[in-house]
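In what follows, a single structure is set out as structure tokens and then discussed.
Protein chains: 4
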Amino acid sequence: MSFEPRNPDYQARVREIFARATFVNDVGIVLLGCGPGWVEAELELAPRHVQQDGFAHFGVQATLADHAAGAAAGTLAAPDEAVLSVEFNQSMLRPARGKWLFCRAEVLKPGRTLTRVESEVCAVDESGARQLVAKARVALATIHLRGSLYAP
Amino acid sequence: MSFEPRNPDYQARVREIFARATFVNDVGIVLLGCGPGWVEAELELAPRHVQQDGFAHFGVQATLADHAAGAAAGTLAAPDEAVLSVEFNQSMLRPARGKWLFCRAEVLKPGRTLTRVESEVCAVDESGARQLVAKARVALATIHLRGSLYAP
Amino acid sequence: MSFEPRNPDYQARVREIFARATFVNDVGIVLLGCGPGWVEAELELAPRHVQQDGFAHFGVQATLADHAAGAAAGTLAAPDEAVLSVEFNQSMLRPARGKWLFCRAEVLKPGRTLTRVESEVCAVDESGARQLVAKARVALATIHLRGSLYAP
Amino acid sequence: MSFEPRNPDYQARVREIFARATFVNDVGIVLLGCGPGWVEAELELAPRHVQQDGFAHFGVQATLADHAAGAAAGTLAAPDEAVLSVEFNQSMLRPARGKWLFCRAEVLKPGRTLTRVESEVCAVDESGARQLVAKARVALATIHLRGSLYAP
């Protein structure tokens, strides 16, 4: 599907959504690229990312899936709008391990009050081969900002 | 509901589920207590936990909700069984901010192959007052271990 | 939790939500009672309600869970507001069979734009004993009506 | 993705999954076609299918999405296995109205104990134009049958 951004500076907005989210930086997630209605991001897995059995923790995958989804919704927001996750569901298809986690988030349906985004999370090995490990659907509410940091 | 643990050392198992999950320690989540079918955990919020608008990031809430759910399912697992999250859904009821996040996870339905747990996440202010900010339901698969670290 | 209805005639509204929904009547679902923030409804199971293995079809359980949730949200809506399901998730805890299906829906969090409701579906046998078979969480959007049938 | 059916008579199995589900027939859902890992089905909308505001009831959409998902999982089941929906989530993207509802269900990830399927529901108008109105993800458990009607 092709979307028309309402904010000509949507790429700066996406960079801001990543730069200002301290938790996302703390976890090690980095923005790879974006376009109207989509965002790609990744994470290099480290020993601090695992759950009790040595797999990437659900929370790492969910943080990646959700933040990429929020940024994908952000590509279609107007300059005076912010988006906030209100409903999130994720299926974990395989235990996740590898060198990186990669995520592509795509808007399924933009909306005036609710935008729906789907995120696919892949485990990536040394050779760059990707395997789908999780799929999420996120509903994000549009918040109208007045005099916010986003709307000068 | 009242449940009968199949592992007499289930409390040691729960402590292990927290101690071995590096991501959970990295985020700052601590175990408060547990019993058959339930776990309580909390997190002191810090500047590194926020999303782009200054609220606790969804990923922080989801990590807390999921890990407490996994440990609650773990209280009812046999010594040679592990549990792994396979489906997760969460409703974010209010933007989350405060001094702490508190979570109570309770088993809704244990099962031979799938256990369902519900987690409530509350924001807690300086005075200790709690406000429900998110609710999750998690489906966890039972994995039969052979010669694992859990089953000596 | 206790809620204050904004529509003094909320009970008439709930009866209307059931009376006007032809699919709900076609399936055989009947309203049992309601109060501010909750609704109870039931269905007598018949041979036409099953899936391929003889259990009550998921669709029967989901129709009951969703419609009761919508009516529960309706108890808290203003006279010029309607509610529409936008997100629905349900865990099927046990195969459902029995003489009736009973559902209680309770508002978890009302909201200006989104209301969250939880529905529990029980199978009921001849003796009246109830067993929880499914649990759902539903997000409903508030729609502001102008000159609708609901707002004279 | 391409899948290898383990049951050479999987098409007969799918026809049976539709023929034996009385609720699906009662609602008016018909099988259109199937292949390894996918099923298509539709429903002609009638006055008996609506909710209180005249749109196709959520329950109609969910019954269609779930049953097509179950049949899609069934295309990959072995002759002595049945599948049962255990987790279901659906996003309603637009109010649904039109002459038909069409659904395509595709297996996202088959599994020994859990299979995940995605279903898209479209409203179809007189001209045959389709508009996506809902998207669901369904987790189905594999049940091993002994001496069942499916396994002679």
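Residue numbers (our numbering), protein chains in the order written: chain B, 25 to 176; chain D, 25 to 176; chain E, 25 to 176; chain C, 25 to 176.
In this text, a Cβ means the ideal position worked out from N, Cα and C, and glycines have one as well.
Alpha carbon to alpha carbon, how far is residue i from residue j?
i	j	result
C:ASN113	E:VAL162	10 Å
B:PRO119	D:ARG37	21 Å
D:LEU108	B:HIS81	10 Å
C:GLU142	E:GLN75	19 Å
E:GLY83	D:SER151	46 Å
E:TYR34	E:ALA165	18 Å
C:ASP50	E:ALA158	22 Å
E:ARG140	E:VAL110	10 Å
C:GLU144	C:ALA153	15 Å
E:HIS91	E:ILE53	9 Å
D:GLU28	C:GLU105	31 Å
E:LEU173	C:GLY57	Low per-residue confidence applies at E:LEU173: pLDDT is 45, beneath 50, and the placement is therefore not dependable enough to give any value.
C:GLU40	E:PRO71	17 Å
D:SER115	C:SER26	34 Å
C:ARG136	E:ARG136	44 Å
E:GLN155	E:LEU117	10 Å
E:ALA160	C:ALA160	14 Å
C:THR99	D:PRO103	36 Å
E:HIS73	C:PRO32	30 Å
D:PRO176	B:LEU55	Only weak support exists for where D:PRO176 lies, its pLDDT of 39 falling under 50; the value from the coordinates is given anyway. Cα to Cα, D:PRO176 sits roughly 43 Å from B:LEU55.
DSSP on residue i, reduced to helix/strand/coil?
i	result
E:ARG140	strand
D:GLN114	strand
E:ARG44	coil
E:PHE126	strand
E:THR87	helix
E:ARG121	coil
C:ARG161	strand
C:GLN155	strand
B:HIS73	helix
C:GLY98	helix
C:SER109	strand
Starting from the Cα of residue i, find the closest Cα among the options and give me that residue.
i	options	result
D:CYS127	D:MET25, D:HIS73, D:ALA95, D:LEU164	D:ALA95
E:GLY59	E:VAL148, E:ARG30, E:SER115, E:GLU150	E:ARG30
E:TRP62	E:ASP50, E:ALA97, E:VAL110	E:ALA97
B:HIS168	B:VAL145, B:ILE41, B:MET116, B:ALA101	B:ALA101
B:ASP149	B:GLY135, B:ARG121, B:ASP50, B:LEU55	B:ARG121
C:ASP77	E:GLU28, E:ASP77, E:PHE42, E:LEU55	E:PHE42
D:PHE177	D:ALA160, D:LEU125, D:LEU138	The structure shown has nothing for residue 177 of chain D, since chain D only spans 25 to 176.
C:LYS123	C:CYS146, C:LEU138, C:LEU117	C:CYS146
B:LEU138	B:ALA93, B:HIS73, B:LEU156	B:ALA93
Under 7 Å, Cβ to Cβ, is there at least one residue of chain F near residue i?
i	result
C:LEU117	No chain F appears in the structure shown, which is made up of the protein chains B, D, E and C.
Inspect the CB distances between the segment 127-134 of chain D and the segment 45-53 of chain E and report whether three or more fall short of 8 Å. As far as the Cβ criterion goes, the segment 127-134 of chain D does not touch the segment 45-53 of chain E, which means the pair count is below three.
Would you say the segment 82-94 of chain B touches the segment 56-74 of chain B, given that touching needs at least three Cβ pairs under 8 Å? Short answer: they touch.
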